[in-house]
Amino acid sequence: MLQGLNEFSGSIITDPSVLKEYSSDFSFIPPVLPALVVRPKNREEIVETVRWAARTKTPLVPLSSGPPRFRGDTIPSRGGSVVVDLSGMKKIVKVTRKNRVALIEPGVTFGELIDALKKEGLRPNMPFLPRSTKSVVASLLEREPVLMPKYHWDISDPLACVEIVFGNGEVFRTGEAAGPGDLEEQWAAGNFQKAPYGPGPMHWHRLIQGAQGTMGIVTWASLRCELLPNLEEPFFVPSRELSKLLELSHWLVRMRLVNECFIVNATILATCASRRWPDDYETLIFDLPPFVLFFNLAAYEYFPEERIDSYLKGVREILKNIGLEAKKALCGISAMDFLKMIQRPSPDPYWKLRMKGACHDIFFITITQKVEKQVFVMYEVLRSFNYPSTELGIYIQPIVQGVNLHCEFNLFYDPNNKKEVEKMKSLSWEAVKVLLEKGAFFSRPYDHTARIIMNRDAAHVAALRKIKAIFDPEGIMNPGKLCF
Numbered sequence: 003m004l005q006g007l008n009e010f011s012g013s014i015i016t017d018p019s020v021l022k023e024y025s026s027d028f029s030f031i032p033p034v035l036p037a038l039v040v041r042p043k044n045r046e047e048i049v050e051t052v053r054w055a056a057r058t059k060t061p062l063v064p065l066s067s068g069p070p071r072f073r074g075d076t077i078p079s080r081g082g083s084v085v086v087d088l089s090g091m092k093k094i095v096k097v098t099r100k101n102r103v104a105l106i107e108p109g110v111t112f113g114e115l116i117d118a119l120k121k122e123g124l125r126p127n128m129p130f131l132p133r134s135t136k137s138v139v140a141s142l143l144e145r146e147p148v149l150m151p152k153y154h155w156d157i158s159d160p161l162a163c164v165e166i167v168f169g170n171g172e173v174f175r176t177g178e179a180a181g182p183g184d185l186e187e188q189w190a191a192g193n194f195q196k197a198p199y200g201p202g203p204m205h206w207h208r209l210i211q212g213a214q215g216t217m218g219i220v221t222w223a224s225l226r227c228e229l230l231p232n233l234e235e236p237f238f239v240p241s242r243e244l245s246k247l248l249e250l251s252h253w254l255v256r257m258r259l260v261n262e263c264f265i266v267n268a269t270i271l272a273t274c275a276s277r278r279w280p281d282d283y284e285t286l287i288f289d290l291p292p293f294v295l296f297f298n299l300a301a302y303e304y305f306p307e308e309r310i311d312s313y314l315k316g317v318r319e320i321l322k323n324i325g326l327e328a329k330k331a332l333c334g335i336s337a338m339d340f341l342k343m344i345q346r347p348s349p350d351p352y353w354k355l356r357m358k359g360a361c362h363d364i365f366f367i368t369i370t371q372k373v374e375k376q377v378f379v380m381y382e383v384l385r386s387f388n389y390p391s392t393e394l395g396i397y398i399q400p401i402v403q404g405v406n407l408h409c410e411f412n413l414f415y416d417p418n419n420k421k422e423v424e425k426m427k428s429l430s431w432e433a434v435k436v437l438l439e440k441g442a443f444f445s446r447p448y449d450h451t452a453r454i455i456m457n458r459d460a461a462h463v464a465a466l467r468k469i470k471a472i473f474d475p476e477g478i479m480n481p482g483k484l485c486f
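Each residue of the sequence shown is one higher than the last, beginning at 3 in the numbering used here.
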């Protein structure tokens, strides 16, 4: 199998102990051992690897994040697959404050990007406490929800442009990066790969996002960044009624008063904020209210104090109308400390592993009018499986200027308890089926439930397969995922 591959593909690993690390994760996908792992160092090695795979009909499984992994999208579906590990490609190619854009390779993690952007007075619009090994490019391609809906204009944000090697071996650049000229020539002309649309009337980046590596391998991506604030004022808003917090988040985002804004339940807040585990958690889980909205007011270079005062007037009026109160600390948790925590990746061990050692996520897009019923239905499913509701994490994130909501349920379990694993697998299957009937839109289907989600739309599946045949005619790119 190595014939013709070891000449150009960077580091090649065949050690069985290393291959085993790539054969499974915390999902319910059955383990499959890859034939080998390739760690390319640049675009040229990726291109040659893809072309070799097309010639030899060898399945490729691309990944760029380090462990722990959770969703099953990087586990080979077929024996004899080659894992293409991009985590070593860590160049931050360009950061431009004037244009608020960064261009990075797929191995760059959030911690590395945050530090680089800070030097230029910038920061990323990032997801909620990603693990320390999470690739920024992978997060962008997976359309993970970001914390600041104020700067989330489109479901694809903050992704701008990408360079991708399709399954047919062709190199393609999307958006403004398509040309004319190479990157250096575009920079010289004042173009910095910020506009995602094109080339032509097509939005090619939408074909690549959410594809789970089934179309090709991204060699770099650009993303839009935000300015670092000069002054920040964060708050907690506790409530026993989710409906009130949903109304509050709607108005805070609609009036463009806040940067970070999201809702979590007591389980998530206690898990993330506990410094001494499990002592702090056991105290907080009983003291915290069922739901908490967190928001942050931010001001920049000009008149920061005046801007914060203006925002506060608007916030107080909204709070008064709804009958809620904002607090700078809650059950001993400082809002400022919590803000600083969520502006970085999760400390190790990853917060989702703290409670029981494993976590299964169920997430979907919804709207304000439906989310309460969907939460209620989830509680009903938990009761039918005798799963404690106090161990369910709930995270609700306004997205796309608050037009939609990302709703996420975190189910914690012991991965070493076979009965508990099987119970969680059945619970997840039932929950997805019930939530689908209640209007949940699973735009990012993973794991063992991906097929039942995809198969509900036969026309969509047929269209995707036609597109797949164009860009990956040999079917080598991560076969077995989604509807492929």
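By construction, the Cβ of each residue, glycine as well, lies at the ideal position given by its N, Cα and C atoms. Given the structure is predicted, the values throughout are model-derived calculations rather than measurements.
Burial is judged here by how many other beta carbons sit within 10 angstroms of a residue's own beta carbon; ASN388 has fewer than 16 and is exposed. Residue pairing by DSSP places SER241 opposite PHE293 in a beta bridge.
The alpha carbon of GLY477 has as its nearest neighbour, out of GLN371, ARG458, PHE288 and SER79, the alpha carbon of SER79.
Note that the segment 275-284 does not touch the segment 250-266; fewer than 3 beta-carbon pairs, one per stretch, sit closer than 8 Å. It is roughly 43 Å from the alpha-carbon of LEU230 to the alpha-carbon of GLU432.
Apart from the 5 residues on each side of it in sequence, PRO69 has no Cβ closer than 6 Å to any other Cβ in its chain. DSSP lists ARG175 and TRP222 as the beta-bridge partner residues of GLU165. In the structure shown, SER89 falls within a coil segment according to DSSP collapsed to helix, strand and coil. For ILE94, the beta-bridge partners assigned by DSSP are ILE106.
Between PHE238 and VAL294 a beta carbon distance of about 5 Å is seen, short of the 8 Å cut, so the two are scored as contacting. Straight-line spacing of the CA atoms in ALA461 and GLU422 works out to 37 Å.
Judged by DSSP secondary structure, VAL40 falls within the beta strand (DSSP E) whose first and last residues are 38-41.
For ASN323, DSSP assigns no beta-bridge partner whatsoever. Remark: C-beta atoms of LEU248 and VAL139 do not approach each other more closely than 8 Å. Judged by pairs of C-beta atoms under 8 Å, the segment 12-21 does not touch the segment 188-201, as fewer than three such pairs exist.
Shown here, VAL138 sits in a helix according to DSSP, grouped into three states. As summarised for the segment 422-463, the continuous alpha helix (DSSP H) elements at least 4 residues long and confined to that stretch are 452-456, given in chain order. For SER13, the enclosing beta strand (DSSP E) begins and ends at 13-15. Residue burial annotation: SER386 is exposed, with fewer than 16 other C-beta atoms found within 10 angstroms of its C-beta. Of the other Cβ atoms in all chains shown, 16 or more fall within 10 Å of the Cβ of PRO240; this residue is therefore buried. With contacts defined as CB atoms closer than 8 Å, HIS207 and PRO198 qualify as a contacting pair. When only Cα atoms are considered, LEU21 and THR76 end up about 13 Å apart. For GLN399, the pairing in a beta bridge is given by DSSP as HIS408. The alpha helix (DSSP H) runs lying completely inside the segment 23-86 and spanning 4 residues or more are 45-58, given in chain order. Taken through DSSP and simplified to helix, strand or coil, ARG125 comes out as strand.
With respect to the 8 Å criterion, VAL95 and GLY215 are not classified as neighbours on the basis of their beta carbons.
Out of ASN170, GLU228, PRO351 and GLU424, the CA that lies nearest to the CA of LYS120 is found in GLU228.
In the DSSP annotation of this structure, the continuous segment of the beta strand (DSSP E) that includes ILE367 starts and ends at 360-368. For THR269, the closest of GLY218, ASN412, THR58 and ASP17 by C-alpha to C-alpha distance is ASN412.
Judged by DSSP in its simplified three-state form, THR285 adopts helix.
A direct Cα-to-Cα measurement between ASP289 and PHE378 gives close to 22 Å.
Runs of the beta strand (DSSP E) lying entirely within the segment 257-285, each at least 3 residues long, are 263-267 in chain order. The Cβ-Cβ distance between ASP363 and PHE130 does not fall below 8 Å.
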